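Just so we're aligned, residue 6 is where the sequence shown starts under our numbering, counting upward by one. Even for Gly, the Cβ is constructed at its ideal location relative to N, Cα and C. Computed from a prediction, not measured in an experiment: that's the story for all the values here. Notes follow the structure.
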Amino acid sequence: MRDSSRPRSSARPVFVRHLLGIWARKSGHKEVPTVKRDHFDELLYQAIETELGGEQVYLKALECARNEDLRKEWQKYLDETREHQEILKRIFEAADLDISAESPGRKVVRHKAEGLVTAMEMALADAGPEAAQLVAAESVVEAETKDHQNWELLARCVEKTSGALSSELQKAYDQVGEEEAHHLFHTQGWARELWIDFLGMEAVMPPPEEEKNVKTQIGAARAEHQRDDYK
Ligand SMILES: [Fe+2]
Ligand SMILES: [Fe+2]
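And the structure:
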């Protein structure tokens, strides 16, 4: 059954869109991109800054991690975040954009990541190791909420762009989409269960989101709802 929570753009294979592009060129049919190009560029700048900031957030979060399963998970997510930076470089090339160019939104994204790193440093210094791990889990959730949304938006742009840029976006989303869902929904599960443990109640670790390999918001809601079955 088709997962209706995935963006529709991933439904059409790359080769079909490639053939449609050839048809459009040969027939003289002009494809009209319906995405606002300067706003799309802004999304790309924010996306690369999110991945760069995400690397710093994971490095600090790893200093705060005490649970060994969580540490392994975050190490994997850190490696994937670095890969996402490389994947975005290819999209910037296809979009003919300077990846180092500054934008007002990009500065805001950088500032937020720096704030999350500072929050973890404060917790490490003053709040004790257990609380620092909680702050780290919440910080990763905040960073990954933006990261996940960036990629879902980029997936929506596949059919609103054309040529090499459209192909590169689709290829990138096919590689990254599921990983971003894991980063966000699995860490959300960790943050909830670590808090439940901190409150002295019975926690489920690793969280059911991980056991069920959750990839969608609906799946995450279901995992949380069924957490009692995992105790
Ligand atoms: Fe990412
Ligand atoms: Fe991510």
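Residue i to residue j span [Cα, whole Å]
i	j	result
H230	Q222	12 Å
D179	W156	10 Å
K217	A228	7 Å
R85	T55	Residue identity check: residue 85 is Glu in the sequence provided, not Arg. The straight-line gap from Cα to Cα measures roughly 13 Å.
L129	E147	18 Å
A141	D43	34 Å
V163	I96	11 Å
V219	A99	32 Å
V145	K41	30 Å
R111	W79	24 Å
E143	V209	17 Å
T166	E183	22 Å
Q90	Y63	14 Å
H116	E126	15 Å
Y235	P213	7 Å
V122	A137	11 Å
R232	T39	43 Å
I201	G224	20 Å
E135	F203	8 Å
R94	E207	Note on residue identity: the sequence assigns Lys, not Arg, to residue 94. So the two alpha carbons sit approximately 44 Å from each other.
Reference residue i, options the options, closest by Cα
i	options	result
H153	A186, L139, Q90, Q80	A186
E107	L93, E119, Y50	Y50
G59	E119, E73, P109, V209	E119
C69	L57, A132, D103	A132
E198	N72, L174, Q175	N72
H188	K77, T39, L48, E47	K77
L83	L93, L67, D74, I92	L67
Q61	E149, E173, F203	E149
I92	T192, I201, E173	E173
L75	A196, F203, E207, L204	A196
K65	I104, L139, E88	L139
E48	E88, R161, G168, A169	In the sequence as presented, Glu is not what sits at residue 48; that position holds Leu. Selected option, being the one with the closest Cα: R161.
L158	Q175, G168, A169	Q175
A177	F45, D46, K81, E88	E88
G168	A124, D101, K151	D101
I104	K81, A124, D46	D46
Burial state of residue i (16 or more Cβ within 10 Å)
i	result
S171	buried
A52	buried
V37	Any answer about V37 is weak, because its pLDDT of 49 lies below 50 and its placement is not dependable; what the coordinates show is given next. Result: exposed.
V181	buried
A3	The displayed coordinates of the chain run from 6 to 236. Any statement about residue 3 would go beyond what the structure contains.
F190	buried
G194	buried
V113	exposed
E215	buried
Interface flag, residue i vs chain E, CB-CB below 9 Å
i	result
R95	The structure shown contains no chain E; it is built from a single protein chain.
Worksheet item: Closer than 6 Å from C-beta to any heavy atom of ligand 1: which residues, in chain order?
Response: E56, G59, T86, H89, D152, E185
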